[in-house]
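Those protein sequence lines, which keep their order, are chains A and B.
Residues in the first sequence are numbered from 1 upward in steps of one, following the UniProt record's numbering.
Residues in the second sequence are numbered from 1 upward in steps of one, following the UniProt record's numbering.
Worksheet: one structure, shown below.
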Amino acid sequence: MEDVTTANVPPALSTPAPPMSLLAELTHRCPLQCPYCSNPLGLEPKAGELSTDEWRRVLDEAAALGVLQVHFSGGEPMARKDLPDLVRHAVRKGLYTNLITSGVLMDQTALDQLAAAGLDHVQLSFQDVDEAGAGRIGGMNGAQAKKIEAARLVVAEGMPLTLNFVVHRLNVARIPQMFTLAEELGARRVEIAHTQYYGWGLKNRSALLPTRAQLEQSERDVAAARERFGTRMAIDFVTPDYYADEPKPCMGGWGQRFVNITPSGRVLPCHAAETIPGVEFPSVRKASLSGIWNESDIFAMFRGTDWMPEPCRSCDRKEIDWGGCRCQALALTGRADAADPVCRRSEDRATVDVALAEASVGAEDFVYRRYMRQP
Amino acid sequence: MDDISEDRVPAFARGTRLQRDRVREQWVVQAPERAFLADPVAAEILQQVDGETPLRTIIDGLTAAFEAPREVIARDVLALVSDLADRQVLIWKT
């Protein structure tokens with residue numbers, strides 16, 4: 001069977017096909033400070049967060065629109081006291097509920113509440129396999145022990161668990177130990193995801209981007225784990241597209257499969273889209289989710305293929321990778337409507353090759369993810 | 001595909017389920033970080049998976065309902081449940 005959350009389905013000409021997945025960023029608050037966080041550089045304060053009732057309405061609208069799965073994310077979504085209420089509400093609406101968490105706020109009581117609410121699955125992030133490596137990235141003492149305890153609790157509850165490891169030049173050598181840890185903890189799914197270079201990750205790219213030799217070793221390590229575990233463990237592997245010759249089909253195509261809602265209710269085609277200048281980001285506080293999905297400028301902007309410049313427009317891969325990532329094009333070329341510069345056919349490929357040259361040297365220091373002082 | 005005894009009882013693993021997608025008018029299998037489109041044949045088979053009914057009974061029931069050769073139905077059922085067991089969607093109760 002085909003995974004319909006990622007399959008390429010060309011959008012209808014009139015009304016766009018509805019989204020499959022909702023990434024609900026409940027808060028940007030988080031005890032960790034990972035320097036590759038997918039949140040924007042300008043983190044949203046607690047005071048601006050959607051209320052419980054507002055999220056309930058959003059979940060109603062998402063289910064009615066055709067969303068099948070809701071991913072509760074953050075920041076750290078467990079920092080929201082109403083998380084079990086939101087899970088229960090989503091379950092009642094027939095939505096599949098996934099919690100994407102760092103695990104550092106998990107305990108038996110919290111898990112019991114989530115299980116009673118009907119939570120379907122937990123994706124637990126690990127920054128490394130040991131306390132020292134994890135602390136260097138997350139910046140929180142004792143985080144690794146809390147994560148291991150969280151994994152034990154979830155497995156003991158019988159809930160399916162995915163361990164997520166974001167890998168980069170400092171920890172990529174330990175992929176075999178990551179699989180061993182997952183096996184010891186009883187996780188049946190593992191995601192090894194090379195860092196993606198937007199926002200915080202882009203800011204710290206020279207300290208994070210692996211060398212080509214490291215990338216190739218990571219590919220061998222993942223292949224070996226697949227061989228070793230067979231069907232006992234499902235393994236997802238996300239490669240760093242800087243080393244690829246063709247871009248990834250970012251979000252399965254802009255405005256085609258995914259919708260992202262920020263803590264304050266702004267609706268985005270992807271979590272990095274707020275970097276795109278000159279366009280208004282609609283809010284669930286002012287418009288319905290279906291209205292935003294079907295009619296807003298931001299979702300229409302890069303949906304389908306009509307917006308494409310060359311070399312995408314005449315490319316036979318244009319409905320495979322959909323021109324790649326708009327935010328990456330913007331970050332590296334200054335133009336959100338340029339071809340993704342990862343592509344060998346892009347006139348801006350040199351902007352990626354410069355980063356690869358830097359990666360062969362590397363940098364030492366991080367800018368940690370923190371709230372910045374308001375001006 | 002390994003030979004699977006028709007005495008075995010499939011069940012949906014925790015965190016997976018068959019669900020009607022009313023917006024798109026189709027059946028989907030919901031699973032961790034995935035949703036699989038169930039074609040009409042798969043949907044008919046999976047609606048019989050309740051964690052109590054053995055494969056033999058599922059195959060017999062579908063053979064009667066669709067007036068198709070039992071061996072054809074059995075092949076479809078065994079191929080599907082084997083595939084979904086490999087993907088951690090189905091587990092074996094016995």
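Glycine included, C-beta positions come from ideal geometry on N, C-alpha and C.
Less than 8 Å between CB atoms is the rule here; does residue i satisfy it with respect to chain A?
i: Asp86 of chain B; result: yes
i: Gly51 of chain B; result: no
i: Asp21 of chain B; result: yes
i: Phe12 of chain B; result: no
i: Glu33 of chain B; result: yes
i: residue 95 of chain B; result: Since the displayed chain B opens at 1 and closes at 94, residue 95 of chain B lies outside it and no answer follows.
i: Gln48 of chain B; result: no
i: Gly15 of chain B; result: yes
Would you mind stating whether residue i and residue j have Cβ atoms separated by less than 8 Å?
i: Cys325 of chain A; j: Arg345 of chain A; result: no
i: Ala151 of chain A; j: Leu185 of chain A; result: yes
i: Leu37 of chain B; j: Glu2 of chain A; result: yes
i: Ile261 of chain A; j: Glu49 of chain A; result: no
i: Ala338 of chain A; j: Pro309 of chain A; result: yes
i: Gly255 of chain A; j: Pro84 of chain A; result: no
i: Val352 of chain A; j: Tyr242 of chain A; result: yes
i: Phe126 of chain A; j: Asn98 of chain A; result: no
i: Val87 of chain A; j: Leu114 of chain A; result: yes
i: Thr101 of chain A; j: Leu124 of chain A; result: yes
i: Leu90 of chain B; j: Ala11 of chain B; result: yes
i: Trp200 of chain A; j: Pro35 of chain A; result: yes
i: Pro249 of chain A; j: Trp307 of chain A; result: no
i: Pro19 of chain A; j: Arg257 of chain A; result: yes
i: Ala207 of chain A; j: Asp365 of chain A; result: yes
Under 8 Å between C-beta atoms, does residue i make it to chain B?
i: residue 378 of chain A; result: Only positions 1 to 375 of chain A appear in the structure, and residue 378 of chain A is not among them; the question remains open.
i: Val4 of chain A; result: yes
i: Thr239 of chain A; result: no
i: Asn98 of chain A; result: yes
i: Asp120 of chain A; result: yes
i: Ser178 of chain A; result: Inspection of the sequence shows that residue 178 of chain A is occupied by Met rather than by Ser. So no, Met178 of chain A is outside the interface.
i: Thr162 of chain A; result: yes
i: Gln69 of chain A; result: yes
i: Arg188 of chain A; result: yes
Exposed or buried, which one is residue i when buried takes at least 16 other CB atoms within 10 Å?
i: Val253 of chain A; result: Before going further, note that residue 253 of chain A is Gly rather than Val in the sequence given. The residue in question, Gly253 of chain A, is buried, as its Cβ has 16 or more Cβ neighbours within 10 Å.
i: Glu227 of chain A; result: exposed
i: Gln30 of chain B; result: buried
i: Val72 of chain B; result: exposed
i: Val361 of chain A; result: exposed
i: Ser38 of chain A; result: buried
i: Val279 of chain A; result: exposed
i: Ser21 of chain A; result: buried
i: Asn164 of chain A; result: buried
i: Glu358 of chain A; result: exposed
i: Thr94 of chain B; result: exposed
i: residue 376 of chain A; result: The structure shown has nothing for residue 376 of chain A, since chain A only spans 1 to 375.
Taking DSSP as the reference, what is the three-state secondary structure of residue i?
i: Pro35 of chain A; result: coil
i: Asp50 of chain B; result: coil
i: Trp92 of chain B; result: strand
i: Glu170 of chain A; result: Per the sequence shown, the amino acid found at residue 170 of chain A is Leu instead of Glu. Reduced to three states, the DSSP call for Leu170 of chain A is coil.
i: Ala31 of chain B; result: strand
i: Gln19 of chain B; result: strand
i: Val238 of chain A; result: strand
i: Ser73 of chain A; result: strand
i: Leu95 of chain A; result: coil
i: Asp3 of chain A; result: strand
i: Leu26 of chain A; result: coil
Just checking: is the beta-carbon of residue i within a distance shorter than 8 Å of some beta-carbon in chain E?
i: Gly199 of chain A; result: Here the protein chains are A and B, and chain E is not one of them.
Checklist entry - Counting pairs of beta carbons, one from the region 325-336 of chain A and one from the region 345-358 of chain A, are three or more of them closer than 8 Å? => result Touching, yes, given that three or more Cβ pairs across the two stretches are closer than 8 Å.
Next on the checklist: Is it the case that the region 127-147 of chain A contacts the region 61-71 of chain A, given that we only count it when at least three CB pairs across the two stretches are under 8 Å?
Outcome noted: The region 61-71 of chain A vs the region 127-147 of chain A: no contact.
Checklist entry - Hey, is the region 208-224 of chain A in contact with the region 284-299 of chain A, meaning 3+ C-beta pairs nearer than 8 Å? => result No, the region 208-224 of chain A does not touch the region 284-299 of chain A.
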